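So the structure is just underneath, and the comments pick up after that.
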Amino acid sequence: MTIHSETTQSPPQAKPAVRARGGPADRQRTPWEFILPALVPLFLITIGPLIFLYYISMTDYELGTALSDARWVGLDNYARLFSGKDPQFWSAVVNTIWLAVVATAIELVLGFGIALLVDSFSDRMKGLLVAILMLPMVVTPVIVGLVWKLMMNSEHGVINWLLGHFGMRPAWLGPDLSLASVMIVEVWQWTPFAALILLAGLSSLPTEPHEAAAIDGASGWQSLIYVTLPLLMPVILLAALLRLIDVLKIFDVIFIMTGGGPGSSTETLAIHSYRLGFYFTGWIGRASATAVVLAILTTAVAIIMIVRLQRVYQER
12 MTIHSETTQS PPQAKPAVRA RGGPADRQRT PWEFILPALV PLFLITIGPL IFLYYISMTD
72 YELGTALSDA RWVGLDNYAR LFSGKDPQFW SAVVNTIWLA VVATAIELVL GFGIALLVDS
132 FSDRMKGLLV AILMLPMVVT PVIVGLVWKL MMNSEHGVIN WLLGHFGMRP AWLGPDLSLA
192 SVMIVEVWQW TPFAALILLA GLSSLPTEPH EAAAIDGASG WQSLIYVTLP LLMPVILLAA
252 LLRLIDVLKI FDVIFIMTGG GPGSSTETLA IHSYRLGFYF TGWIGRASAT AVVLAILTTA
312 VAIIMIVRLQ RVYQER
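Per this note's numbering, the sequence shown runs over residues 12 to 327.
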C-alpha cells in the first residue's frame with residue numbers, strides 16, 4: 012500500500028499592482044476639470060452681462076445709437092442720481108425699501124400663522140392644504156397683475172362693488188392707495204411661499220424642548236414664544252432673506268397694475284430703470300446706473316441677512 016504524502020503549496024503571490032496613470036498625483040486637477048465646464052457658461056450668462064452693465068452705466072449710451080458712439084462719463088450718471096438732479100430716483104428708493112420691508116414683514120407674520128394652522132392638521136390634510144397654498148405662487152405674475160387690476164378698478168371692479176354696499180368706493184389704483192394695493196397683491200401671492208418654508212421648519216423641530224416646557228408648566232403661548240420661535244429663527248431668517256431679495260427687484264406686477272404711477276407713487280428702482288431706458292428718454296447709461304444701484308442694494312441686504320443667519324447658527 013503506497014502512501015502518498017500531500018504537499019502543501021502556498022498560493023501564488025499577487026503581482027504588485029501597476030500604478031495606473033491618473034493616480035492621486037495626476038488627479039489633483041480633476042475637480043477643476045469637472046468645474047470648469049460649468050464655470051464658463053456661468054461666467055458668460057451672469058458675470059459677463061454684469062460687467063457689461065457696469066461699463067454701460069459709466070457711459071452716455073442712448074437707445075437707438077451705436078455702442079461705439081457712447082462716450083465715457085465715469086461716475087457722472089451716479090452723481091446725477093444721488094445729487095438730486097433725478098428727483099424720481101429717491102422716490103423710487105423709498106418706495107422700493109418701504110415695499111420690501113413692509114410686504115416681507117406681513118408675509119412672515121401671516122405665513123407663520125398659516126404654518127402653525129396647517130401643522131395642527133393630520134398628515135393627509137396637510138398634503139391637501141399645501142397643494143392649495145401653492146396655487147397663488149404658480150400663477151404668472153402678469154396674470155396676477157391683470158386680474159387684480161380688474162378687481163381693483165374703482166368703477167367696475169368687484170372689490171368696490173362689494174364695498175359699495177357699505178358706502179365705500181376707494182380708488183385702489185389712485186395716488187394714495189396704489190402702493191398699498193401693490194403690497195396687497197404681493198402679500199396675497201407670496202405669503203404661501205413663506206408659509207411653506209416655515210411649515211417645513213416646524214415639521215423638523217425636535218419635540219423634546221416642547222415636552223420639557225410642558226412639564227415645567229409652560230402654557231401654549233409661552234411655549235410658542237420661548238421655545239418654538241427661537242428654534243425656528245434660522246428658518247425665519249432664511250424666508251426673510253428670500254422674500255426681501257425678491258421684493259426688492261419687483262417689476263412685473265407693478266408694471267401691469269400701475270406702470271409705476273400714478274405719477275411716481277409706485278415707481279420702484281426696477282420701474283425707474285425701465286422708464287429711463289425704454290419709456291421716456293432712452294437713456295440706457297442712466298438706466299444701467301440705476302440697475303447697478305439696485306444690484307448693490309440687493310447684495311447688501313443679502314449679505315446682512317446671511318451674516319445674521321450665520322450668527323444665529325453659531326449661537327445655537
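Every residue gets a Cβ at the ideal spot worked out from N, C-alpha and C, and that includes glycine. These figures come from a predicted structure and were not determined experimentally.
Three-state secondary structure (DSSP) of residue i
| i | result |
| --- | --- |
| residue 76 | coil |
| residue 163 | coil |
| residue 12 | Legend: pLDDT at residue 12 = 45, less than 50; position of this residue unreliable, value from coordinates given subsequently. Three-state DSSP puts residue 12 in coil, outside helix and strand. |
| residue 137 | helix |
| residue 311 | helix |
| residue 326 | helix |
| residue 217 | coil |
| residue 244 | helix |
| residue 116 | helix |
| residue 238 | helix |
| residue 227 | coil |
| residue 129 | helix |
| residue 17 | Interpretation of residue 17 is limited by its pLDDT of 47, a score under 50 that renders its predicted location unreliable; no figure is taken from the coordinates. |
| residue 150 | coil |
Cβ-based neighbour list, residue i, same chain, cut-off 7 Å, excluding 5 preceding and 5 following
| i | result |
| --- | --- |
| residue 117 | 198 |
| residue 102 | 275, 278 |
| residue 293 | 73, 74, 75 |
| residue 147 | 199, 200, 203 |
| residue 68 | 88, 296, 299, 300, 303 |
| residue 155 | 196, 200, 264 |
| residue 64 | 299, 302, 303 |
| residue 288 | 74, 294, 295, 298 |
| residue 280 | 103, 104, 107, 301, 304, 305 |
| residue 319 | 248 |
Presumed contact (8 Å Cβ cut-off) between residue i and residue j, rounded CB distance
| i | j | result |
| --- | --- | --- |
| residue 282 | residue 74 | So it is not a contact: roughly 17 Å between Cβ atoms. |
| residue 106 | residue 190 | 6 Å |
| residue 216 | residue 242 | 5 Å |
| residue 153 | residue 263 | 6 Å |
| residue 261 | residue 110 | 7 Å |
| residue 184 | residue 269 | 6 Å |
| residue 259 | residue 218 | Not confirmed; about 37 Å, so no contact. |
| residue 211 | residue 252 | No, residue 211 and residue 252 are not in contact; Cβ-Cβ is about 15 Å, not under 8 Å. |
| residue 113 | residue 163 | Not quite, the Cβ-Cβ distance comes to about 18 Å (not below 8 Å), so this is no contact. |
| residue 205 | residue 250 | 5 Å |
| residue 379 | residue 97 | There is simply no residue 379 to check, as the chain begins at 12 and stops at 327 in what is shown. |
Spatial neighbours of residue i in its chain, beta-carbon cut-off 6 Å, leaving aside the 5 residues before and after
| i | result |
| --- | --- |
| residue 121 | 202 |
| residue 271 | 277, 278, 282 |
| residue 47 | none |
| residue 66 | none |
| residue 213 | 126, 130 |
| residue 323 | 244, 245 |
| residue 255 | 111, 115, 312 |
| residue 85 | 69 |
| residue 100 | 92 |
Proximal residues to residue i (C-beta, below 8 Å), its chain only, five neighbours per side dropped
| i | result |
| --- | --- |
| residue 257 | 201 |
| residue 239 | 213, 216, 221 |
| residue 165 | 171, 180, 181, 182, 183, 184, 185 |
| residue 174 | 180, 181 |
| residue 95 | 101 |
- Query: Whole beta strand (DSSP E) runs in the stretch 48-111 with 3 or more residues, listed along the chain?
  - Reply: none
- Message: Please give the ranges of any alpha helix (DSSP H) in the stretch 158-202, keeping only runs that are unbroken, at least 4 residues long and fully inside the region.
- Response: 169-174
- Task: Tell me the start and end of each unbroken alpha helix (DSSP H) in the stretch 256-322 that is at least 4 residues and wholly inside, in chain order.
- Result: 263-268, 280-285
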